[in-house]
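Chemist: With the first letter of the sequence shown counted as 1, position 110 gets the number 110 in this note's numbering; the numbers rise by one all the way through.
Every residue gets a Cβ at the ideal spot worked out from N, C-alpha and C, and that includes glycine.
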Amino acid sequence: MAIQIFKFTLGLLQTNCFIIGDTDTKDAIVIDPSDRAPVLHQTALNEGWTIREILATHGHFDHIMASAPLKALSGATFRVHQRDMTMVRTMSQQVRRWFDIDVPPAANPDRFVKEGDVITAGGIMLDVLHTPGHSPGHVSYVLRSENVVFSGDCLFFSGIGRTDQPNSDYDTLMHSITEKLLPLGDGFAVAPGHMRNTTIGYERQNNPYLLEYLNAEGE
């Protein structure tokens, strides 16, 4: 079995979208369908893959804007955490309010994800970690076979998710990072929702927000 990962940076807020494919079984999973559903679908087709699952790390519009058209094209199952359903239901209104443009509604989730779930497609196995703080239903997806965590807007290269938005909370976010993501180990790659990839080890040693928090906790 071989796992291949494609990364696209798309949409109004330059959000990272990932396609994970099993090159043997030809099954694929999309994480955070941010925009340009035809491009994502065609990329999978070009590899001979079938998209089985569409997963959102959270319900903010820039991570789910292509969920409905991609679901229609692929027939895949769409999943998000139940605590972010208000944002999923109001996605079109969010985009209209911030950008004054009209977009179709997000896909209606087929199933919800929660802590401890394992999402599979072919040989792809993703463990679900509930990592709230940036949003109440934020989750991260752990691909242990490749030592990669898809962290959404929880942890970035030298940064953390915003906590100045409705239903976000700084202490909850930092607990998610320190208690859920850091224990994965320094060798884990971090594939975030924005900006470049990083590693748990780099962020443990260099992330200014994390260092400030850990130093304060140690006082």
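Let me confirm a value: Trp98 is counted as buried when at least 16 other C-beta atoms fall within 10 Å, else exposed. Which label applies?
Modeler: Numbered from 1 along the sequence shown, position 98 holds the residue referred to as residue 98. Classification for Trp98: exposed.
Chemist: To which residues of the same chain is Thr43 closer than 7 Å at the C-beta, ignoring the five residues directly before and after it?
Modeler: As a first step, residue 43 must be located in the sequence shown, where it is residue number 43. These residues qualify, in order along the chain: Phe6 and Ile19.
Chemist: Should Phe156 and Met195 be called a contact, given that it needs their Cβ atoms to be closer than 7 Å?
Modeler: Against the sequence shown, residue 156 aligns to sequence position 156. Against the sequence shown, residue 195 aligns to sequence position 195. The answer is yes: Cβ separation under 7 Å.
Chemist: Take every Cβ of the stretch 79-93, pair it with every Cβ of the stretch 31-39, and state whether three or more of those distances are shorter than 8 Å.
Modeler: The stretch 79-93, when compared against the stretch 31-39, does not touch it at the 8 Å Cβ threshold.
Chemist: Have a look at Leu45 and Ala121 and give me their C-alpha separation to the nearest angstrom.
Modeler: Start at 1 with the first residue of the sequence shown, and residue 45 comes out as number 45. Start at 1 with the first residue of the sequence shown, and residue 121 comes out as number 121. Looking at the two C-alpha atoms, the distance is approximately 16 Å.
Chemist: By alpha-carbon positions, which one of Asp153, Ile160, Met174 and Asp27 ends up nearest to Glu53?
Modeler: Counting from one through the sequence shown, the residue named residue 53 turns up at place 53. When each option's Cα is compared against that of Glu53, the closest is Asp27.
Chemist: What are the partner residues of Asn16, as DSSP defines its beta bridges?
Modeler: In the sequence shown, counting from the first residue as 1, residue 16 sits at position 16. Note: Asn16 sits in a beta bridge opposite Thr9.
Chemist: Excluding the 5 residues preceding and the 5 following Ser92 in the sequence, name in chain order all residues of the same chain whose CB lies nearer than 6 Å to its CB.
Modeler: As a first step, residue 92 is located in the sequence shown; it is residue number 92 there, counting from the start. Hits under 6 Å: Val103 and Pro105.
Chemist: Please list, in chain order, all residues of the same chain as Gln14 whose beta carbon is under 8 Å from its beta carbon, the five residues on each side excluded.
Modeler: Here residue 14 is taken as the residue at index 14 of the sequence shown, counted from 1. So the qualifying residues of the chain are His194.
Chemist: Would you identify the three-state DSSP class for Ala68, choosing helix, strand or coil?
Modeler: Here residue 68 refers to the residue found at position 68 of the sequence shown. Three-state DSSP puts Ala68 in a helix.
Chemist: Using the C-alpha atoms, what's the distance from Pro109 back to Ser168?
Modeler: Here residue 168 is taken as the residue at index 168 of the sequence shown, counted from 1. Here residue 109 is taken as the residue at index 109 of the sequence shown, counted from 1. Near 22 Å, if we compare the C-alpha coordinates of Pro109 and Ser168.
Chemist: Quick one: give me the first and last residue of the alpha helix (DSSP H) that Asp127 is part of.
Modeler: The residue labelled residue 127 in the question sits at position 127 within the sequence shown. Premise fails: Asp127 lies in the beta strand (DSSP E), Ile124 to His130, not in any alpha helix (DSSP H).
Chemist: So, is Leu210 buried or exposed, given that buried needs 16 or more other C-beta atoms within 10 angstroms?
Modeler: Reading the sequence shown from its first residue, position 210 is the one you call residue 210. Burial call: buried.
Chemist: With hydrogens ignored, establish whether the beta-carbon of Tyr202 is closer than 6 Å to any heavy atom of the ligand GDP.
Modeler: Looking at this structure, you won't find the ligand GDP or any other ligand, since it has none at all.
Chemist: Does DSSP put Asp171 in a helix, in a strand, or in coil?
Modeler: Here residue 171 is taken as the residue at index 171 of the sequence shown, counted from 1. Helix, per DSSP.
Chemist: Decide yes or no for the touch test of the stretch 172-185 against the stretch 198-217: beta carbon pairs closer than 8 Å, at least 3 of them.
Modeler: Enough Cβ pairs lie closer than 8 Å, so yes.
Chemist: Please identify the residue among Glu146, Gly187 and Pro132 whose C-alpha is closest to the C-alpha of Arg162.
Modeler: As a first step, residue 162 is located in the sequence shown; it is residue number 162 there, counting from the start. Ranking the options by Cα distance to Arg162, first place goes to Pro132.
Chemist: Closest to Pro33 by C-alpha separation, out of Arg204, Gly116 and Lys71, would be which residue?
Modeler: As a first step, residue 33 must be located in the sequence shown, where it is residue number 33. Comparing Cα-Cα distances from Pro33 to each of Arg204, Gly116 and Lys71, the minimum goes to Lys71.
Chemist: Rounding to the nearest angstrom, what Cα-Cα distance links Leu12 and Gly201 in this structure?
Modeler: Residue 12 sits at position 12 when you count from the first residue of the sequence shown. Residue 201 sits at position 201 when you count from the first residue of the sequence shown. Straight-line Cα distance between these residues: approximately 30 Å.
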